[in-house]
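Report on the structure given below.
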Amino acid sequence: IFRTEADCAESEDKDCAKISINYITFLEAPSDTVLDKLNMNLLDELRGEGYTNVVAYANGSIRDFVKDKAEIPNMATWNAEIDQKVRFNTPEFICIETTQYTYTGGAHGIYGTSYENYDRNTGNLIQLVDLFVPNFEKQLIALGEKYFRQSMAIPAAASFDQTDYTFPNNQFYLPQNFGLTQEGITFL
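Residue numbers (this note's numbering): 6 to 193.
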């Protein structure tokens with residue numbers, strides 16, 4: 006989906022509001038119910054609060070920008086790019102990566118990446134508790150901290166407040182944003 010202000014074209018470099026959304030639609034699943042659930046879960050990630058679908062979100066975003074620009078003539082250009090892709094796919098699960106970039110003025114835009122992992126047989130979102138044995142948290146956090154320290158060249162005895170990395174209460178944690186991969190699991 007590509008939308009822009011009425012007087013702009015996709016190929017122009019003109020300063021105008023633009024939104025581009027590339028998203029996935031599942032075409033097959035074990036049942037129509039699972040197919041609908043998978044597609045609704047993906048759309049929930051993209052459609053924006055208060056919108057019924059992705060097209061309405063794109064149209065509404067441009068409409069809101071034009072309205073705001075009428076009230077603030079020197080308002081900065083607005084740009085949004087959202088892209089979904091399959092990161093990893095097996096008969097049991099699928100990992101979807103969503104990257105987003107928005108620019109609403111200022112020195113730079115804002116980037117973000119999120120993963121969602123779905124059970125292909127049920128359409129359910131996979132959580133960490135679905136993957137590991139009960140009481141896995143301490144061991145997983147310890148393993149994650151070990152690999153983090155190695156990859157960032159932080160000595161095991163060093164306190165995080167002596168580094169460029171900040172953790173609440175100086176305690177390492179793993180984010181809830183994770184993707185399943187062929188090698189295992191990736192945290193962002």
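Note that CB positions come from ideal geometry on N, CA and C, so glycine has one too.
It should be emphasised that the depicted structure is a prediction, and the values quoted were computed from it without experimental measurement.
Could you pull the DSSP bridge partners for F98 from this structure? The partner list for F98 (beta bridge, DSSP) reads D124.
In terms of residue numbering, what span does the alpha helix (DSSP H) encompassing N44 cover? Unbroken alpha helix (DSSP H) run through N44: D37 to L51.
Alpha carbon to alpha carbon, how far is N122 from L48? Give it in angstroms, no decimals. If I take the Cα positions, the gap works out to 14 Å.
Under the assumption that N182 contacts G128 (Cβ atoms under 8 Å), give the Cβ distance between them as a whole number of angstroms. Contact doesn't hold; Cβ gap of about 20 Å is too wide.
Going by DSSP in three states, I26 sits in which element: helix, strand or coil? Reduced to three states, the DSSP call for I26 is strand.
Whole alpha helix (DSSP H) elements within the segment 141-180, 4-residue minimum: The segment 141-180 contains these whole alpha helix (DSSP H) runs: 142-156.
Kindly indicate the opening and closing residues of the alpha helix (DSSP H) around I67. Per DSSP, I67 belongs to the alpha helix (DSSP H) from V59 to E76.
For D73 and A22, what's the separation of their Cα atoms in angstroms? Their backbone Cα atoms lie some 11 Å apart in a straight line.
Between A161 and R154, what straight-line distance do the alpha-carbon atoms span, to the nearest angstrom? Those two C-alpha atoms are separated by around 7 Å.
Hey, how far is the Cα of V71 from the Cα of P180? Using only the alpha carbons, I get a separation of about 36 Å.
Which residues does DSSP list as the beta-bridge partners of Y56? Beta-bridge pairing links Y56 to no other residue.
Straight-line CA distance for L130 to L43? Going from the Cα of L130 to the Cα of L43 covers about 9 Å.
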